[in-house]
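Participant: Pasting a structure here, questions to come.
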Amino acid sequence: MARHLITSAIPYINGIKHLGNLVGSQLPADLFARYQRERGHEVLFLCATDEHGTPAELAAAKAGKPVAEYCTEMHEVQARIADGFGLSFDHFGRSSSPENHKLTQHFAKVLDEAGLIREVSETQMYSKADGRFLPDRYIEGTCPNCGFESARGDQCDNCTKQLDPVELINPRSTISGSTDLEMRETKHLYLRQSAMKDELEKWIDTREGWPVLTTSIAKKWLNDGDGLQDRGITRDLDWGIPVQRGDEPWPGMEGKVFYVWFDAPIEYIACAQEWVNAGKGDDWARWWRTDKGADDVSYTQFMGKDNVPFHTLSFPATILGSGEPWKLVDYIKSFNYLNYDGGQFSTSRGRGVFMDQALSILPADYWRWWLLSHAPETSDAEFTWENFQLNVNKDLADVLGNFVSRVTKFCRSKFGETVPEGGAWGPQEQAVIEELSRRVRSYEGHMDAIEVRKSAAELRAIWVAGNEYLQEAAPWATFKENPERAAAQIRFALNLIPLYATLSAPFIPFTAQKMLDAMGVAGQWPGDVAQALERMPAGHGFAVPDNLFAKISDDQREDWHSRFAGVRD
RNA sequence: GGGCCUGUAGCUCAAUUGGUUAGAGCAGAGCGCUCAUAACGCUUUGGUUGGGGGUUCGAGUCCCUCCGGGCCUACCA
1 MARHLITSAI
11 PYINGIKHLG
21 NLVGSQLPAD
31 LFARYQRERG
41 HEVLFLCATD
51 EHGTPAELAA
61 AKAGKPVAEY
71 CTEMHEVQAR
81 IADGFGLSFD
91 HFGRSSSPEN
101 HKLTQHFAKV
111 LDEAGLIREV
121 SETQMYSKAD
131 GRFLPDRYIE
141 GTCPNCGFES
151 ARGDQCDNCT
161 KQLDPVELIN
171 PRSTISGSTD
181 LEMRETKHLY
191 LRQSAMKDEL
201 EKWIDTREGW
211 PVLTTSIAKK
221 WLNDGDGLQD
231 RGITRDLDWG
241 IPVQRGDEPW
251 PGMEGKVFYV
261 WFDAPIEYIA
271 CAQEWVNAGK
281 GDDWARWWRT
291 DKGADDVSYT
301 QFMGKDNVPF
311 HTLSFPATIL
321 GSGEPWKLVD
331 YIKSFNYLNY
341 DGGQFSTSRG
351 RGVFMDQALS
361 ILPADYWRWW
371 LLSHAPETSD
381 AEFTWENFQL
391 NVNKDLADVL
401 GNFVSRVTKF
411 CRSKFGETVP
421 EGGAWGPQEQ
431 AVIEELSRRV
441 RSYEGHMDAI
451 EVRKSAAELR
461 AIWVAGNEYL
471 QEAAPWATFK
481 ENPERAAAQI
491 RFALNLIPLY
501 ATLSAPFIPF
511 TAQKMLDAMG
521 VAGQWPGDVA
531 QALERMPAGH
541 GFAVPDNLFA
551 KISDDQREDW
561 HSRFAGVRD
């Protein structure tokens, strides 16, 4: 039995995520976690909310709430929605947890002791009206290069020139609009990633089979320009983890907090501690400490491409630099973006479908199936309502749902709601068993390799095999001259249902459970397909389930299309 | 500007890493079936693999060039 540690990139706290965020990390991570559990492996699947940073403070201010209260509420909201999507986290933690405070401060201390932290004095734009230092992107002004009036402090959106905030003409705060800005001196801690460049590169070079997307982004950062740059790991903010050396104060760093990208990945570890402290587990160290049993753990991270540098470089620099025996990631699965109907999903403009809205119009399995079978693995993918309607209706309602419906209803009308007795498997059934055996092995191979779309395609082919069998066996015709033969055929077909449910559960867990409940058996991964098709012997009672999937109508599609094109709220 | 990814049938994607005649699903067409959610099955029409050039016995795959789409570029996260 293998042990799988699985983490999904932790979603930021300032609002409800859209489907693009979902398919880029949490959903494929859940697919993998569910699959590995079903295969009988030990799994610890962790996710959390990422709660620190300027945007959280601003979102809380906008909501008129203290930031801690705002985060607590939003965490609950995200947890509830995640549950609605069937995301099977063993624990859904918070980067603001006491566990993460302590651990982040611990890492800062040991990194400092290892000589990997340096203090840097720098000047930064300060807004008196806002009472805070402003990140470059929160400053707007006229571009000195092209005259564009809404250039941001880091880059002009019009001419794409990289800017320094001090270069802007008439700079103003985008938070308050105030122009009362000044450059102030401030001191920050930097993680000396440059000192670890060779070690990191050596580590990356020995990773095998990682997605090109993952390694190419890492190599770029390692070798671009002057090589890997040191990174500031502190900020002048109120909300965050206070800068300390372990339990000790850090002279000169009073009133500052750690940068969210320093503490967010550490939450992966802290989350395991939260899991224990919540009473759900009793030993986090055997998942995270190679000196305490984590040596045989296989650790897989899931994330969108924008998160790759932090997971390939910054976090490993933290882990390796600590000199302590923490578990390093074994495989990084990264995703491109999902676009929405010819453009990008936009949180700020409310363009696209957000997780809460998605659940309000259709059950989670519709979304899970479409999103996973179109996961943006090799390039950006696109969501359109037409494509969604077509695929979901065909795959789920027609191929899978209708298969279950026709089999169970035929049996009910001819034999009753009990698996019929008589007859035996013949050459037709043997052929199906052989095909399914081959396909199940192929499906397992794709799932093991986290080839999401290929897995979905193989699963669909497995469903289709059931309809092909029925057409060829034609129990409705057989029944007229040889009811015993028909009984064997329908017994065979009925037994495909729990098999399909088990195989499909990682993709569509809610429906899979309905199928198993109706058939009155528990899910069990088919080691041997022939054996798996004996799960419901003659005489076994079952129920005819309601239709598993209602079809999406043209009217619904058009309604949703117009509803989600515009602005949210 | 630089780097990376990407372009294959009307649509969404494959193609064992240079190897026979580029394959699936959907959509379209035809036939069959009547158990089932007007569902299912079978057959079938669609391709100058973005354009051009090159290397090779052989190129969707490698090289050059042009065109289109996307991402990243380090203080949003």
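Residue numbers (UniProt numbering): 1 to 569. Glycine included, every Cβ here is placed at the ideal spot set by N, Cα and C.
1) Identify, in the order they occur along the chain, each residue of the same chain with its Cβ nearer than 6 angstroms to the Cβ of residue 571, setting aside the five sequence neighbours on each side.
2) Report the residue from W275, V392, K414 and V529 whose alpha carbon sits nearest the alpha carbon of G93.
3) Following the continuous beta strand (DSSP E) through K292, name the residue where it begins and the one where it ends.
4) With three or more beta-carbon pairs closer than 8 angstroms as the criterion, would you say the region 331-350 touches the region 299-313?
5) Which residues in the same chain have their Cβ closer than 7 angstroms to the Cβ of V417, if we skip the five residues on either side of it in sequence?
6) Using the rule of at least 16 other Cβ atoms within 10 Å of the residue's Cβ for burial, across every protein chain shown, is V120 buried or exposed?
7) Going along the chain, which residues of its own chain have a beta-carbon closer than 8 angstroms to the beta-carbon of V529, five neighbours each way excluded?
8) Can the beta-carbon of N467 be found closer than 9 angstroms to that of F415?
9) With DSSP collapsed to three states, give me the class of A59.
10) Beta-carbon within less than 7 angstroms of V67's beta-carbon, same chain only, minus the 5 sequence neighbours each way: which residues are those?
11) Helix or strand or just coil, what does DSSP make of W385?
12) Would you report the Cα separation of R557 and L320, rounded to the nearest angstrom?
13) Taking only runs of the alpha helix (DSSP H) that begin and end inside the region 481-542, which ones reach a length of at least 4 residues, in chain order?
14) Can you tell me the Cα-Cα spacing of Q229 and S194, whole angstroms?
15) Among R289, W476 and A538, which residue has its Cα nearest to the Cα of G423?
16) Given this structure, state the Cα-to-Cα distance separating L431 from R39, to the nearest angstrom.
17) State buried or exposed for C146, treating a residue as buried only when at least 16 other CB atoms are found within 10 Å of its CB.
18) Kindly list the residues whose CB is nearer than 6 angstroms to the CB of D224, restricted to its own chain and excluding five residues on each side of it in sequence; keep chain order.
19) Identify the continuous beta strand (DSSP E) that holds N170 and give its terminal residues.
20) In this structure, does DSSP put V297 in helix, strand or coil?
21) Would you decide whether M519 is buried or exposed? Buried here means 16 or more other CB atoms lie within 10 Å of its CB.
22) Give a yes or no on whether the C-beta atoms belonging to V407 and L516 are separated by under 9 angstroms.
23) Using the Cα positions of T49 and I10, report the straight-line distance between them to the nearest angstrom.
Facilitator: Taking the structure as given:
1) The requested residue 571 does not occur in the structure, where the chain is confined to residues 1 to 569.
2) Each of W275, V392, K414 and V529 was checked against the Cα of G93, and the nearest Cα belongs to W275.
3) Neither: K292 is in no beta strand (DSSP E) and is coded neither H nor E.
4) Judged by Cβ distances under 8 angstroms, the region 331-350 makes contact with the region 299-313, as three or more pairs qualify.
5) The displayed chain sequence assigns Glu, not Val, to residue 417. Correct list, in chain order: G541, F542, A543 and V544.
6) Here V120 is exposed. Its C-beta has fewer than 16 other C-beta atoms within 10 Å.
7) Closer than 8 angstroms at the Cβ level, and outside the excluded window around V529, lie I433, L436, S437, V440 and L499.
8) Result no, Cβ atoms of N467 and F415 do not sit closer than 9 angstroms.
9) When secondary structure is reduced to three states using DSSP, A59 falls in the helix class.
10) For V67, where only same-chain residues beyond five positions count, the Cβ hits under 7 angstroms are A56, E57, A60 and W239.
11) Secondary structure of W385 (DSSP, three-state): helix.
12) R557 and L320: Cα-Cα distance of roughly 51 angstroms.
13) If we require 4 residues or more, the alpha helix (DSSP H) runs fully inside the region 481-542 come out as 483-504, 509-519 and 529-532.
14) A straight line joining the alpha-carbon of Q229 with that of S194 spans about 5 angstroms.
15) Distances from the alpha-carbon of G423 to those of R289, W476 and A538 put A538 closest.
16) In the sequence on display, residue 431 carries Ala and not Leu. When rounded, the distance between both Cα atoms is 25 angstroms.
17) Classification for C146: exposed.
18) Result list for D224: empty, nothing under 6 angstroms.
19) Membership of N170 in the beta strand (DSSP E) is indicated by the continuous run I169 to S173.
20) The answer is strand: DSSP assigns V297 an E or B state.
21) By the neighbour-count rule (16 or more Cβ atoms within 10 Å), M519 is buried.
22) Contact flag unset, no.
23) CA-to-CA, the gap between T49 and I10 works out to about 5 angstroms.
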